[in-house]
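These notes concern the structure reproduced below.
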Amino acid sequence: MKVLVINSGSSSIKYQLIDTKTETVIVNGLVERIGEEKGILTNKTFPDTDAQTVTKMEKTIADHNAGMRLAIDLIVDPEKGVIKDKSEIDAVGHRVVHGGEGFSEPILITSEVISAIEDTVPLAPLHNPGNLDGIRVSMELFPGVPQVVVFDTAFHQTLPPHAYMYALPYELYEKYRVRRYGFHGTSHKFVASECARVMDRNFEEFNCITIHLGNGCSMAAVENGKSVDTSFGLTPLEGLVMGTRSGDVDPAVCAFLHRNKGMSVEEIDTMLNKESGLKGLCGMNDMRDIHAGIANGNERAKLALDVQTYRTRKYIGSYMAVLGRVDAIVFTAGIGENDDVVRRKSVKGLECFGVKIDEVVNAQRVKEPLRVSTDDSSVQIWVIPTNEELAIARATKSILSEK
Ligand code: AMP
Numbered sequence: 016m017k018v019l020v021i022n023s024g025s026s027s028i029k030y031q032l033i034d035t036k037t038e039t040v041i042v043n044g045l046v047e048r049i050g051e052e053k054g055i056l057t058n059k060t061f062p063d064t065d066a067q068t069v070t071k072m073e074k075t076i077a078d079h080n081a082g083m084r085l086a087i088d089l090i091v092d093p094e095k096g097v098i099k100d101k102s103e104i105d106a107v108g109h110r111v112v113h114g115g116e117g118f119s120e121p122i123l124i125t126s127e128v129i130s131a132i133e134d135t136v137p138l139a140p141l142h143n144p145g146n147l148d149g150i151r152v153s154m155e156l157f158p159g160v161p162q163v164v165v166f167d168t169a170f171h172q173t174l175p176p177h178a179y180m181y182a183l184p185y186e187l188y189e190k191y192r193v194r195r196y197g198f199h200g201t202s203h204k205f206v207a208s209e210c211a212r213v214m215d216r217n218f219e220e221f222n223c224i225t226i227h228l229g230n231g232c233s234m235a236a237v238e239n240g241k242s243v244d245t246s247f248g249l250t251p252l253e254g255l256v257m258g259t260r261s262g263d264v265d266p267a268v269c270a271f272l273h274r275n276k277g278m279s280v281e282e283i284d285t286m287l288n289k290e291s292g293l294k295g296l297c298g299m300n301d302m303r304d305i306h307a308g309i310a311n312g313n314e315r316a317k318l319a320l321d322v323q324t325y326r327t328r329k330y331i332g333s334y335m336a337v338l339g340r341v342d343a344i345v346f347t348a349g350i351g352e353n354d355d356v357v358r359r360k361s362v363k364g365l366e367c368f369g370v371k372i373d374e375v376v377n378a379q380r381v382k383e384p385l386r387v388s389t390d391d392s393s394v395q396i397w398v399i400p401t402n403e404e405l406a407i408a409r410a411t412k413s414i415l416s417e418k
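Residue numbers (our numbering): 16 to 418.
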């Protein structure tokens, strides 16, 4: 079965065509800067092989429809395309950031599902409109092809009320559904179940702490294969220190800045999402630049790394308290998979809880799951590459086989 996976943002569309039988990527691509003067399309066929071919285009891409058509014209071509006809695409799987409280599983798209996603736009105004654009364009381009949506919030719908409720006036939950939802759910579920698999454990009886450290960062406490707590909240702003997002701050900071600096709600929102985190602390939001800065004696870069890893360590400690028994701690995503210094600093001082990292193994970089804890560590520490696109393709296939 060939599944086209679409992750459509406000001004970009990421896509992958995946053969679910072999679980290989036939095409992956990115359409960027939609709506700007100079749009960019990068399309790679057979990206993980020696036969890879890369096509890059720069031109105005007016909207999502134009962007998706451009990509499809490259993929589907009777002569030059990796597939000869659109009918070879069996299904489309879409990533949607916010599913509100209505979706705890992937679902086949119907008009009811679309209007339910529209209803959650106030909860995710930066993300869901772009996701919906991708769905609408894809339904237009592939009429009659089953389309499935996989929500970033779904895995965390098992959080108990004591973990998802904020201590705010209850009517804010009743009227506006203000609560913790959590995101990155597809990634947390994927790496948690992969970890259970490589440790030869039954996922339904597996407890772990998953740490997704990329541009966005979040953690989850997984008990018996189910998410029971997570660091993202109503939006993907709470919790860990991220590239440009603050993570946890005293909410009183917002009123303080309004009163003392005259900042508007929009300005504060933009500052917390785009000008804070690692970037706010040291002016750099890429961890590789931060390490280079530290090597050159940049004190602020060192501070940014310290603040980020300290926050992660605090969350690990609190999730150990949540779970009681922890079988594994799992690092994933751009930083989690590649940055041994961040991993080492994040578990530093947890030896008394049975968390011991093997610094030699931890320094290795591989593309496969790797155990980086010592043999006598009672909690295993793993690096597991995430693969949200594959998870979406698998979910799409499984929904269709249930039909
Ligand atoms: P992601 O959102 O998972 O694609 O992660 C992107 C982030 O991962 C980048 O902003 C970098 O901070 C970080 N990253 C990527 N490669 C490396 C690396 N080799 N070492 C450290 N950090 C990295």
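Even for Gly, the Cβ is constructed at its ideal location relative to N, Cα and C. None of the values given here were measured: they were computed from a predicted structure.
Quick check: the Cα distance between residue i and residue j, rounded to an integer number of angstroms?
i	j	result
K53	V46	11 Å
V206	G277	43 Å
V111	V163	10 Å
N146	D100	25 Å
A235	H79	32 Å
E253	G262	4 Å
P384	P144	35 Å
C232	E155	34 Å
E120	H113	12 Å
D65	L174	44 Å
E417	T125	16 Å
T168	F118	8 Å
I132	M286	27 Å
H199	P400	14 Å
N58	A270	46 Å
V322	A81	42 Å
D284	P266	12 Å
E127	V280	33 Å
A106	D390	44 Å
G248	S202	16 Å
N230	P158	35 Å
Grouping DSSP H, G and I as helix and E and B as strand, with all else coil, what is residue i?
i	result
V362	coil
M83	helix
I129	helix
Q172	helix
A207	helix
D34	strand
E52	coil
T327	helix
H109	strand
K59	strand
K382	coil
A336	helix
H227	strand
I414	helix
Tell me whether residue i is buried or exposed, calling it buried when 16 or more other Cβ atoms sit within 10 Å of its Cβ.
i	result
Y185	exposed
C367	exposed
V256	buried
A10	Given that the chain is displayed from residue 16 to residue 418, the structure contains no residue 10 and the question cannot be resolved.
H177	exposed
G364	exposed
D92	exposed
P140	exposed
V362	buried
P251	buried
S102	exposed
G258	buried
V345	buried
G197	buried
K204	buried
R274	exposed
G312	exposed
E314	exposed
E445	Look at the range of the chain in this structure, 16 to 418, and you will see that residue 445 is not part of it.
Can you find the residues in the same chain that come closer than 8 Å, C-beta to C-beta, to residue i, ignoring five residues on each side of it along the sequence?
i	result
G96	L89, I90
E220	N239, G240
R48	S26, S27, G54, I55, I76
R192	G115, E116, L138
T324	V357, K360, S361, K363
G50	S26, I76, A77, D78
R340	N222
G149	I21, N22, S23, I28, H79, M83, H109
Identify, in the order they occur along the chain, each residue of the same chain with its Cβ nearer than 7 Å to the Cβ of residue i, setting aside the five sequence neighbours on each side.
i	result
M299	L293, I305, G308, A316
A378	D355
Which residues in the same chain as residue i place their Cβ atom closer than 6 Å to its Cβ, once the five residues preceding and following it in sequence are excluded?
i	result
S393	G369
T68	T60
T35	M16, V18, A408, K412
D244	A178, A236, V337
L228	A348, I350, G351
L187	V193
V376	V387
Discussion item. Please output, in chain order, the residues near the ligand AMP using a CB cut-off of less than 6 Å to any non-hydrogen atom of the ligand.
Written reply: So the residues near the ligand AMP by this Cβ test are G229, N230, G258, D301, M302, R303, A348, G349, I350, N353, D354.
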